[in-house]
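Take a look at the structure below.
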Amino acid sequence: MKLQITRLRVEQMRRFRSPLELGDFEPGLNIVAAPNEAGKSTLVRAIRAAFFERHRSTAVEDLRPWGEGSGAAPLVELDFLIDGQSHRLVKSFLGKKRCTLAIGARSFDGTDAEDHLAQLFGFSFAGKGASKPENWGIPGLLWVEQGRGQELDVSHARDHLHDALRDPAGDSAAALSASGGDAILDSLRAQRDELLTSTGKPRAAYAEAIAQVAELETALGAIDSQVATYRQQVDQLADMRLQHRADEIARPWEVLREELLATQRRNDALQASQEQLRSDRARLHQLHETRELLAKELAGLAQQQAEVQTRERACEETARQLQDSDAAVDHARQLAAEAQRRVDSARDAWRVASQEAQRRNLQQLLQQAQADAARSTESLARAEEAQARLAALQATAAAAPKIRAADVEQLHKLERAERDADLRRQAVATRLQFVLPEGQALELQARSESHDLRGEGERLIDAPATLNLPGGGRLVITPGGDDLVALARAHGDARDALRAALRAHGVTDIAEARSRLGTSADLDAQIKLAQQALGIVAPRGLDTLRAELVQAQSRIATAQAALERLRPRAAEPTLSIEEAEAAQQAVVVAEQAAQKTLAEAQRRQSAAQEASASAQRELASAQATLADPGRQQRHAQASKQWMAVGADAEVLTARIEQANADMQAARPDIVLQDIDRLQRSIEQLTRSHQLRRDQLLVLENTLQLAGAQGLEEQREAVAGQLAQAQRRQAELQRRADALALLCRKLEEKRQATLTRLQAPLQARMQHYLPLLMPGATLHMDAGLAPATLRRLGASGAVESGQLQELSFGAREQLRLISRFAYADLLQEAGRPTLLILDDALVHSDTPRLAQMKRALFDAAQRHQVLLFTCHPEHWRDMGVALRPLPP
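Residue numbering for the sequence shown follows my numbering, beginning at 9 and increasing consecutively.
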């Protein structure tokens, strides 16, 4: 069924307070391009309100004009064709609620009109409030709201799609794939889900039955375990009584106590031996320290003897160094005196060369100043000449009458206006043509002027005139029409305006004005050339040239005075100033080196004198120490003590070594371990004996209680309950398995039906998809919505993924293509289709947008498409004119 909107008119709706009408919509692609806030979304909202909202609805306050009160009545008018038959829908809201639908000669009013549209287009109305997506049906599937192109909810139009996909002969199994089939499957799934989870695990009553069986099995197992434990404990009680009686007779802990006492006595003896060994070791350490102190004292006395010999050798060495330093100082003083003489000679040569260099510099400065003065004099003369010429041209220009190019252009305009007015007057004026014999004349009076007409000619008469004839007669000529009077008046006004402008500028005609303008332009050009010439000769002005001349003359005088002050040349210098300076620097460096050598020699001399004096003092001190009378007595006493301490240490060392050998043989650590082992063994035996006695008492009491509980009777009762619970579990398991099998079979049948039904839709999808993604395949889910995309990746391998995993732009592109496929199927099924795209594809890159344009253009060959966009530059290559909105 072919649908085409031909006209849209809105009034008092949002920003459109005044009526706005768009007509002559094409049957294919229509692009409405306007900037943001221009009202594109308002037009889309108007179309949606015209179809989806009840005219009596109070939930359409968003349609009210911005800033309007309660009296506004938003109005929408739509003209459209369905299979060539004209329809007109008029609907207004809020202040004036009405709805009319005209179909050819038929008409519908109110809710009848709205219900007819809903049945025709495949949508419904909300029971209360504003229309919602679940009411939009087929239009909701094909009309894309702004910013929602990436979304696609097929559930509200699925029944319509199933009707379009069903073959003409009908398919009873197709009910399973429609919303009715959903109800059957949902009911069976609900019953199955009462017993099983989504993963097939038991739940609710089934899970409770399984849990009860497990609980009873656990309880029965616990009772069986108690019975087995009771029997085991009876046997254990007999064994424990035998062991306890044997320990009472043998009493093994008493033997261990006697062994422990003997081991403790042996440990006490070892402790006394260890104490004596520690005392001997301390005494040996003291003897070693005393022997080391005595050895240090003897070494110090021997060092004093060696120190005297060392000091004597040091005194001899410092005396030799002092003699060498005295000789070095004398030699350095001779070198310094010679260097000073060479410095004085070099300074004299430098003064002579410096005076000659100064003389040459002053002569060069004098020559340069004279050359600068000559150039400044010449430049000043040329500049004064250029200045005089410029002043003369400026005076001439000031005296000449002025006229501007704009004034000449205005005169041209006035002349053209006068000429055009005259031509218009001549075209309408009365033409008087005359041919008179030789010697005959006529008098023509017009506008208080008199003219003689002779010979042959023509006159234009634009005002009443009188033609006097020979012999006293006259002809009165009155040109007809108000236009002629107005044209004559306009010509006169234009002529007067031109004459007044010529007088104002002091010229007689346009030629004189152009000549005066040319003369003025020539003078301006000559003045500019003179200014340029003056700028070349004196770029910084005449005053600067004069100042430069004065400065050059001053430099001449200064250089001449300086030359006169120089002393007369005594003789030609043997060296240049550079050679003199180099020689002076060289001898100064040599002098500095000589002075440095002298200073270093004097420093060494002072150091040698100080070292010699210090060595003599140290030698005298060492000799005095060696000559002390008590030194020999201290040396003999220390040697005797050193020998005695060594003998005592040898005896004590032998005794300690014997004690160490005896201690290692006795192994005191093992003795301590024996004590610990015997103590633990005694504690363990006594504790085990006491624990066994307590366990005997507890076990006897436990067996008495277990015998009184009647475990066999309890086991029989629990076994009966377990059998009953197992029968209940088996019953629920059979029901759950049956429901799961039934749901699986129905789902398989439904999927097979869906696969068969989806074939036409899949074919239409593959008609568009290669235009966007060559080689890709888009698969539908059970709800006929695009779900999975398969395509070749960059590596050449096949990639598969869900649409939700793709980017925002890719999802929008694929779901728009899906809408094109839905529209094709719905149209083949006899449903009216219209595609509305509000600011779609704004997230597509340039290559993808070009591919989507091909798909959109192809869809527009079968359906009317209304595309609203704020990017007109993206859609100029679609082969249709872009429709702007009024500002």
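Beta carbons are placed, not taken as given, at the ideal position from N, Cα and C, and that holds for glycine.
Straight-line Cα distance separating residue j from residue i
i, j, result
"residue 379", "residue 540", "26 Å"
"residue 64", "residue 110", "19 Å"
"residue 301", "residue 291", "16 Å"
"residue 883", "residue 859", "13 Å"
"residue 509", "residue 419", "7 Å"
"residue 842", "residue 834", "10 Å"
"residue 209", "residue 740", "13 Å"
"residue 492", "residue 464", "25 Å"
"residue 31", "residue 69", "27 Å"
"residue 818", "residue 861", "14 Å"
"residue 404", "residue 516", "22 Å"
"residue 295", "residue 658", "10 Å"
"residue 444", "residue 456", "24 Å"
"residue 217", "residue 721", "24 Å"
"residue 627", "residue 311", "14 Å"
"residue 143", "residue 735", "50 Å"
"residue 506", "residue 529", "24 Å"
"residue 806", "residue 800", "5 Å"
"residue 487", "residue 522", "39 Å"
"residue 313", "residue 332", "30 Å"
Close beta carbons around residue i, own chain, < 8 Å, minus the five adjacent residues each side
i, result
"residue 466", "439, 440, 441 and 442"
"residue 826", "160, 773, 786, 793 and 794"
"residue 468", "433, 434, 437, 438, 439 and 440"
"residue 244", "707"
The alpha helix (DSSP H) enclosing residue i, as first and last residue numbers
i, result
"residue 124", "118 to 129"
"residue 835", "816 to 836"
"residue 854", "854 to 867"
"residue 60", "48 to 60"
"residue 562", "550 to 573"
"residue 531", "518 to 545"
"residue 947", "The question about residue 947 has no answer, for the chain in this structure spans 9 to 895."
Residue i and residue j closer than 8 Å at C-beta
i, j, result
"residue 329", "residue 594", "no"
"residue 470", "residue 433", "yes"
"residue 407", "residue 545", "no"
"residue 141", "residue 148", "yes"
"residue 334", "residue 613", "yes"
"residue 784", "residue 797", "yes"
"residue 437", "residue 452", "no"
"residue 118", "residue 131", "no"
"residue 20", "residue 82", "yes"
"residue 199", "residue 88", "no"
"residue 901", "residue 224", "Residue coverage of the chain in this structure runs from 9 to 895, which leaves residue 901 outside it and unanswerable."
"residue 711", "residue 263", "no"
Boundaries of the beta strand (DSSP E) in which residue i is found, first to last residue
i, result
"residue 223", "Unbroken run through residue 223 is the alpha helix (DSSP H), 212 to 258; no beta strand (DSSP E)."
"residue 34", "From DSSP, residue 34 is part of no beta strand (DSSP E); its letter is neither H nor E."
"residue 94", "93 to 100"
"residue 86", "83 to 90"
"residue 875", "872 to 877"
"residue 847", "First-last for residue 847: undefined, no H or E at that position."
"residue 19", "11 to 19"
Residues of its chain near residue i, where Cβ-Cβ distance is below 6 Å and the 5 sequence neighbours each way are ignored
i, result
"residue 878", "43 and 44"
"residue 875", "39 and 845"
"residue 175", "For residue 175, the predicted model reports a pLDDT of 47, less than 50, meaning its position is unreliable and no value from the coordinates is stated."
"residue 928", "Outside the displayed span of the chain (9 to 895) sits residue 928, for which this structure offers no information."
"residue 890", "39, 41 and 880"
Residues near residue i by beta carbon distance below 7 Å, same chain, minus five either side
i, result
"residue 46", "893"
"residue 24", "18, 47 and 50"
"residue 384", "553, 556, 557 and 560"
"residue 475", "450, 452, 482, 483 and 485"
"residue 212", "202 and 203"
"residue 343", "602 and 605"
(message) At 3 residues or longer, what runs of the beta strand (DSSP E) sit wholly inside the stretch 774 to 811?
(response) Runs of the beta strand (DSSP E) spanning 3 or more residues and lying entirely within the stretch 774 to 811 occur at 785 to 788, 794 to 800 and 806 to 810, in chain order.
(message) Just to confirm the assignment: which complete alpha helix (DSSP H) runs, minimum length 4, are found wholly within the stretch 411 to 470?
(response) 413 to 436
(message) Please give the ranges of any alpha helix (DSSP H) in the stretch 278 to 328, keeping only runs that are unbroken, at least 4 residues long and fully inside the region.
(response) none
(message) If we require 4 or more residues per run, which alpha helix (DSSP H) segments fall completely within the stretch 607 to 683?
(response) 638 to 674
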